[in-house]
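Residue 240 in full-length UniProt numbering sits at position 240 of the sequence shown, and the numbers go up by one each step. Idealized CB from N, CA, C, for every residue including glycine. As structure tokens, the structure follows; a few thoughts come after it.
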Amino acid sequence: MSLPKTLSHSCLLLTSRGQLCSRARPASLHTLVSARPTKQAQDKRRVLTHFGRAIPPKRPVLPTRTLQRRHQISAATAAVQPQEPDDYDPAAPPPTTATTSPQPSTPAATPTTKFKPIPSITPGTLPNLYRDLTKAKLGGLVALSTMCGYAMAPGATDLPLFFTTTLGTVLCISSANAFNQWIEIPYDAQMLRTRNRVLVRRALSPLHAFSFGTITGLAGVSLLALTVNPLTAFLGAANIALYACIYTPLKRASIANTWVGALVGAIPPMMGWTACTGSLDPGAWLLGGVLFAWQFPHFNSLAWNLRADYSKAGYRMMSVTDPALNARVSLRYATLMLPICWAAPALDMTSWWFAADSTLVNAAIIVQAWRFWKKSDEKTARQLFFGSLVHLPLVLALMMVHKVGEEGWEAGVGAGEEEEEERDENRESG
């Protein structure tokens, strides 16, 4: 059987019986010759460079320990002392090997990690760390409201009691803020505004912060209980528990956290009042109402510009869940400042001049809150926030300026001095 002259029309196959058979295949000889070799054949073939030299296959990269072991074996083999055939003695001891010092191991690469050890704390850096842990600026504003509450109380003449009340309140505030940061470490790390706090950047350990909060809380409540009165100490302890145990967890559960936080801010001026009078009179509730209403335009405007951070950390704020409600609540409580301030002269706390002056100040914050409600954006929110920072100190200052009974205050101071003189005389006579 003769083979075909071309393979363009058929292909010869050898069957299992050794016979030739043809099968039609529409392939030309050029196609068969130009067929690409397999991948395995390509791997085995040497690749020629433009210099005409063959590139050997790459040697596998061995681990560091394997290379060190091979070097040690090679060094031990080369150190064996060879013996000539003529010098061989069966009774001689086996050949000795030279002692080789172990090869210095190659230092392993340091693994990359984001873990940062807690830096050493020095007496020079500790005050700054405590200042950041206790939120000193916020604590100063709260302490100012406590001082105003004490000054507005009738018969506020005892300066040592005034300083003791302020110090005890500051300690309670520091404790509450320390517990707040201790609880919110994983959430503060997700926010641009709070990711540089002392606990997030590991400047202080969580145990250190918890211990600091416990010590300052016990010290503040004990100081108020021993030197002021039990009612003020109870309000201080309640404020710590309300802020750390209710407000902080509620921030991730419900928008009601804003009202709870406003209640926390309303307690310090009431503590100042009760420190002087020992009771919760209507004046104490009025001062608490001023702080309660003020916090909504103040905080809601701040939360508007931070709504992206709050959403990232999982906080349920009005600015995140319902921005329209956030603006309405700000305007609502800014307007509520008017009747609250008008109630001060009605309760004989201030003169009626305070009603006129406070109306002008409150009108300014109402206008800013109305603009924020009309068009909530970064500009109007920022104006309302910074306006609230000026509004509260100005209202409290006007309230103290227009306080009724300055003559009685001076008489009370003189009466207090006379009482102290009588007590000294009684002690000397006793």
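Once you ignore the five residues that flank residue i on each side, which residues in its own chain have a CB closer than 8 angstroms to its CB?
i           : result
HIS30       : Because the pLDDT at HIS30 is just 45, under 50, the model does not fix this residue reliably, and the value given afterwards should be weighed accordingly. Closer than 8 angstroms at Cβ, skipping near neighbours: no residue.
LEU129      : ILE121, VAL198, ALA203 and LEU204
LEU231      : THR274, GLY278, SER279 and LEU280
VAL260      : LEU242, ILE246, TYR247 and LEU250
CYS172      : THR216, GLY217, GLY220, VAL221, LEU224, GLY236, ALA237, ASN239 and ILE240
ALA156      : TYR150, PHE162, CYS276 and TRP409
residue 453 : Because the chain here runs from 1 to 430, residue 453 falls outside it and cannot be looked at.
With a 10 Å radius around its C-beta and 16 neighbouring C-beta atoms as the bar for buried, classify residue i as buried or exposed.
i      : result
GLY414 : Note on GLY414: pLDDT 42, under 50, position unreliable in the model; no value is reported.
LYS137 : exposed
SER388 : buried
LYS135 : buried
CYS245 : exposed
GLN181 : buried
GLU378 : exposed
LEU291 : buried
THR214 : exposed
LYS251 : buried
VAL212 : For clarity, residue 212 is Phe in the given sequence; the question names Val instead. The residue is buried, with at least 16 neighbouring Cβ atoms inside 10 Å.
LEU14  : The predicted model places LEU14 with a pLDDT of 45, which falls under 50 and marks its position as unreliable; any figure quoted below should be read in that light. So LEU14 ends up on the exposed side.
PRO123 : exposed
SER376 : buried
PRO269 : buried
ALA356 : exposed
ALA256 : exposed
Nearest to residue i by alpha carbon, out of the options?
i           : options                           : result
ASP169      : ILE185, LEU133 and ALA225         : Just to set this straight, residue 169 is Thr in the shown sequence, not Asp. Looking at the Cα atoms, ALA225 is the closest of the given residues.
SER222      : PHE234, PHE212 and SER211         : PHE234
GLY217      : ARG332, PRO206, LEU207 and ASN239 : ASN239
GLY272      : LEU347, ALA143, LEU192 and PRO186 : ALA143
SER311      : PRO127, SER254 and ALA262         : SER254
ASP158      : PRO127, CYS172, THR227 and LEU171 : THR227
HIS208      : SER175, ALA237 and GLY236         : SER175
ALA219      : TRP259, THR164 and ILE340         : THR164
SER145      : ARG332, GLN383 and ALA266         : ALA266
ALA327      : ALA369, PRO339, ASP357 and TRP352 : ALA369
residue 501 : TRP352, LEU331 and ARG382         : This structure leaves residue 501 out entirely; the chain is present only between 1 and 430.
ILE340      : ARG131, PRO282, PHE210 and PRO127 : PRO282
TYR333      : ALA397, GLN383 and THR258         : THR258
Hey, residue i and residue j: beta-carbon distance below 8 angstroms or not?
i      : j      : result
PHE296 : VAL320 : no
MET147 : THR166 : yes
ASN177 : GLY139 : yes
ILE365 : MET337 : yes
THR277 : PRO154 : yes
MET349 : VAL395 : no
ARG193 : LEU306 : yes
ALA346 : LEU161 : no
MET191 : ASP322 : no
PHE385 : HIS298 : yes
ARG371 : THR359 : no
Starting from the C-beta of residue i, find all residues in its chain whose C-beta is less than 6 angstroms away, skip the five residues before and the five after it, and write them out in chain order.
i      : result
ARG195 : ALA189
ALA151 : MET400
ASN229 : GLY278
THR248 : ASN180 and ILE183
TYR187 : ALA313
HIS402 : THR350, SER351, TRP353 and PHE354
PHE210 : TRP182
ASP132 : VAL198
TRP342 : ALA355
Once you ignore the five residues that flank residue i on each side, which residues in its own chain have a CB closer than 7 angstroms to its CB?
i      : result
LEU392 : TRP294
ILE185 : LEU199, VAL200 and PRO206
LEU325 : MET318
VAL264 : ASN239, LEU242, TYR243 and TYR247
ALA344 : LEU286, THR350, PHE354 and MET399
ALA397 : none
When you measure from the CB of residue i to every non-hydrogen atom of the ligand HEM, does any distance come out below 7 angstroms?
i      : result
ALA355 : This structure simply doesn't include the ligand HEM, nor any ligand for that matter.
* Touch test, the stretch 281-294 against the stretch 311-320, Cβ-Cβ under 8 angstroms, three pairs minimum -> no
* Could you tell me whether the stretch 299-314 touches the stretch 356-363, using the rule of 3 or more Cβ pairs below 8 angstroms? => Cβ pair count under 8 angstroms is below three, so no.
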